[in-house]
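Below is one structure; the comments refer to it alone.
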Amino acid sequence: MVDAYFVGVAILTIGTSIVALESKELIYGAIALAISMLGIAGFFLLLDAQFVAMFQITVYVGAVAVLVIFTVMLVRTQDLFSAKDDKARKVGGIILALVTMGGIGAIFIVSGISNPMFGNLESTPIDVKEIGKSMLTYYSPALIVLGLTLAGAVIGALALARREGLLKENESTN
Amino acid sequence: MNQLIDFVIISIALFSIGIYGLVVKRNAIRMIFSIEIIANAANLNLVAFSRHVHNVEGQVFALFSIAIAAAEVAVALGIIIIAYRLYKQIDVHEFRSLKG
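The listed protein sequences derive, respectively, from chains Y and W. Heads up, the first sequence is in the working numbering, so the first residue is 5 and it goes up one at a time. Heads up, the second sequence is in the working numbering, so the first residue is -13 and it goes up one at a time.
This is how it looks when you write it as structure tokens:
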């Protein structure tokens, strides 16, 4: 059986992720997405993964949500969001989502993991020390590549968003 | 006590919501929201299995996945700002020059 905390976090997460996609104003959608990320962090806490939960809050709620909100503010114009979704497309999307949910859900429910005996929560939760140890020994090449990827992505994003016209305009005015 | 299947069902629900958003929405920023929701569903699955099978790899992969998702969002939002500057809108149906 699930407890009340689980039900609350589940309703919060799924409800806010629907709001993120369906809200009229894009900025409210961005805030709802941030709350949905917080709900996922709550699930991580429920799974005794405190380090991943803190990482999730730092990266998603702290960085990604703020980035998205800034972008929404940058691109906001009046007639931008008036485009209505196609009705037939919307119905098709809902049917596709339900089929996906039913199909994968049916597979998981008939599979062995729905057995309450699968896995044991009574085992001790994973220690942060173990995560750090495996990250710095076996996964240390992956960690280095990850750092390079992040640096490359940030530099690439900066190079993309740079205004190339500005330099030429300044030169021509001088 | 919460079973593994409960977390997997939540993850499937989030994944389906993300699929719906990717199919229906035409706004590029909303498509990014959908991708983020799908990535979060995957992370939830990783951590849930890691807890129930008692394996540290699940959490390590979830950490890597979160970091990669941050890089992906930075690049995607840069592309959206460029496209907005070129086309003055963020409707993906109007980004015609990207068609083959």
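Ideal Cβ positions, reconstructed from N, Cα and C, are used throughout, including at glycine.
Check: Please list the partners that V114/Y has in chain W, where partner means a Cβ-to-Cβ separation under 8 Å.; Outcome: Under the 8 Å cutoff, chain W gives no residues; its nearest Cβ is about 11 Å from V114/Y.
Check: Within the same chain, show all residues whose beta-carbon is closer than 6 Å to that of V23/Y, passing over the 5 residues directly before and after it, in chain order.; Outcome: A36
Check: List, in order along the chain, the chain Y residues whose C-beta lies closer than 8 Å to that of N31/W?; Outcome: Chain Y residues near N31/W: none, gap ~10 Å exceeds 8 Å.
Check: Are the CB atoms of V33/W and V72/Y within a distance shorter than 8 Å?; Outcome: no
Check: When DSSP labels each residue in this structure, what does I13/W get in the three-state scheme?; Outcome: Looking at the sequence provided, one finds Asn at residue 13/W rather than Ile. Strand at N13/W.
Check: Which residues does DSSP pair with D77/W in a beta bridge?; Outcome: N13/W
Check: Would you mind stating whether F19/W and L25/Y have Cβ atoms separated by less than 8 Å?; Outcome: yes
Check: Take the Cβ of R80/Y as the centre, count every other Cβ of all protein chains shown within 10 Å, and call the residue buried at 16 or more, exposed below.; Outcome: exposed
Check: Can you tell me the Cβ-Cβ gap for L42/Y and I61/Y, rounded? I've got them flagged as a contact below 8 Å.; Outcome: 7 Å
Check: Quick one: is N29/W buried, meaning 16 or more other Cβ sit within 10 Å of its Cβ, or exposed?; Outcome: buried
Check: At the level of alpha carbons, what is the spacing between N(-12)/W and F10/Y?; Outcome: 8 Å
Check: Can you give the beta carbon distance from F35/W to A146/Y, rounded, assuming they're within the 8 Å contact cut?; Outcome: In fact, because the Cβ distance is near 19 Å, the residues do not count as touching under 8 Å.
Check: What ranges does the alpha helix (DSSP H) occupy inside the stretch 83 to 167 of chain Y, keeping only unbroken runs of at least 4 residues that lie completely in it?; Outcome: 91 to 114, 132 to 140, 144 to 165
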